[in-house]
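Here's the structure, in structure tokens; my notes come after.
Protein chains: 2
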Amino acid sequence: MEKKTKRSKRWVKPIEKPKKYAGVLLAADFWFGRVIENPKEIKKILIKAAKEAKNISLEITIHKFQPQGITGVVLLAESHIFISTWPEINYVAIDIFSCGEKAMPEKALQYLKKEFKPKKVVIRKIKRGVLK
Amino acid sequence: MEKKTKRSKRWVKPIEKPKKYAGVLLAADFWFGRVIENPKEIKKILIKAAKEAKNISLEITIHKFQPQGITGVVLLAESHIFISTWPEINYVAIDIFSCGEKAMPEKALQYLKKEFKPKKVVIRKIKRGVLK
């Protein structure tokens, strides 16, 4: 909790210029794909997703529900990636919040698509901390 | 990680009916409010926010950056609440993802406004897992 991790420069750079934004949130709904319920696999996937987006993983938390469903989040030096699987309706919710204009949340998303193989995907891209 | 927590019924109920959605994501930008940088205080705030929304807290992860900034997430039986403070621009990003139509993310938001006292708030409400 008190590790001396510097926040990524991505947090700060874009806001030095006017009319910029602090980060991007990709809110993705994956439907009818692979059902992944193994905590170790979800952990591996979160770390890989962070890496693909050139983010630095800080802390990972996973929680397995009974009888089914798993939810996990990796905190990043550039924000976070959240996953929650919902096998009962074959649905996976994914949030990728990345900071700065150079963030590559799409890369993480691309990788997650490969892992979960959804037949249908709904994505919303939301700019966060828009400076006017 | 292997606690026998049942996922909240909120995850399942609304999807039994057609044309419903699985959850709601409130993406909030708080500007020019209180700067809270104490991990213990952030932890307390996350727990209280979850409680206000009648959610059950499962796991909390907080990460303090050097020299400033703090990011934290509480996983819920009904999804998650994420906070990231950004003192350098007096900005706080908050995501409240709650499941089911009976979820009360607004209550959590109301409480968080009281704590952070932002002078300007930008909120986006996004329905997640919309069943057509």
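Same order as they appear, the protein sequences are chains Y and F.
With the first letter of the first sequence counted as 1, position 17 gets the number 18 in this note's numbering; the numbers rise by one all the way through.
With the first letter of the second sequence counted as 1, position 52 gets the number 53 in this note's numbering; the numbers rise by one all the way through.
Cβ atoms here follow ideal geometry from the backbone N, Cα and C, with glycine treated the same way.
Contact with chain F by residue i, beta-carbon distance below 8 Å
i	result
Q111 of chain Y	no
A54 of chain Y	no
I43 of chain Y	no
I127 of chain Y	yes
K114 of chain Y	no
DSSP three-state assignment for residue i, whether helix, strand or coil
i	result
F33 of chain Y	coil
I16 of chain F	Reliability fails at I16 of chain F, whose pLDDT of 49 lies under 50, so the model's placement of it is uncertain and the value that follows must be treated cautiously. In the structure shown, I16 of chain F sits in a helix (DSSP, three-state: H, G or I).
L132 of chain Y	coil
E89 of chain Y	helix
E1 of chain F	Only positions 2 to 133 of chain F appear in this structure, which leaves residue 1 of chain F out of reach.
E60 of chain F	strand
A109 of chain Y	helix
K52 of chain F	helix
K121 of chain F	strand
K7 of chain F	strand
K65 of chain Y	strand
K145 of chain F	Here chain F covers residues 2 to 133 and nothing more, so residue 145 of chain F does not appear.
Proximity test, Cβ basis, 8 Å: residue i and chain Y
i	result
A50 of chain F	no
L59 of chain F	yes
G34 of chain F	no
I16 of chain F	Low local confidence applies: a pLDDT of 49 at I16 of chain F is under 50, so the model's placement there is unreliable, with the coordinate-based value given in what follows. Chain Y contact via Cβ: present.
A28 of chain F	yes
Separation of residue j from residue i, as counted between CA atoms
i	j	result
L110 of chain F	A50 of chain F	7 Å
K121 of chain F	I61 of chain F	27 Å
M105 of chain F	A54 of chain F	5 Å
A28 of chain Y	I124 of chain Y	6 Å
V25 of chain Y	V93 of chain Y	20 Å
L77 of chain F	H81 of chain Y	16 Å
V75 of chain F	I37 of chain Y	22 Å
K128 of chain Y	I95 of chain F	13 Å
K114 of chain Y	L59 of chain Y	23 Å
N91 of chain F	I71 of chain F	12 Å
K5 of chain F	F98 of chain F	22 Å
F197 of chain F	Y22 of chain Y	This structure leaves residue 197 of chain F out entirely; chain F is present only between 2 and 133.
Exposed unless 16 or more other CB atoms sit within 10 angstroms - verdict on residue i
i	result
R8 of chain F	buried
N39 of chain F	exposed
K126 of chain Y	exposed
R35 of chain F	exposed
V131 of chain F	exposed
P119 of chain F	buried
E116 of chain Y	buried
E79 of chain Y	buried
K41 of chain Y	exposed
K65 of chain F	buried
Closer than 8 Å at the beta carbon, the chain Y residues around residue i
i	result
I97 of chain F	Near I97 of chain F there are no residues of chain Y at all, since even the closest Cβ is about 11 Å away, more than 8 Å.
Proximal residues of chain F, C-beta to C-beta of residue i below 7 Å
i	result
F66 of chain Y	T6, K7 and R8
beta-carbon residue i near the ligand MG non-hydrogen atom, thresh 7 Å
i	result
L113 of chain F	With respect to the ligand MG, the structure offers nothing, as it holds no ligand at all.
- Query: When you check each C-beta in the region 69-85 of chain F against every C-beta of chain B, which residues fall closer than 7 Å?
  - Reply: Reference to chain B is not applicable here, since the protein chains of this structure are Y and F.
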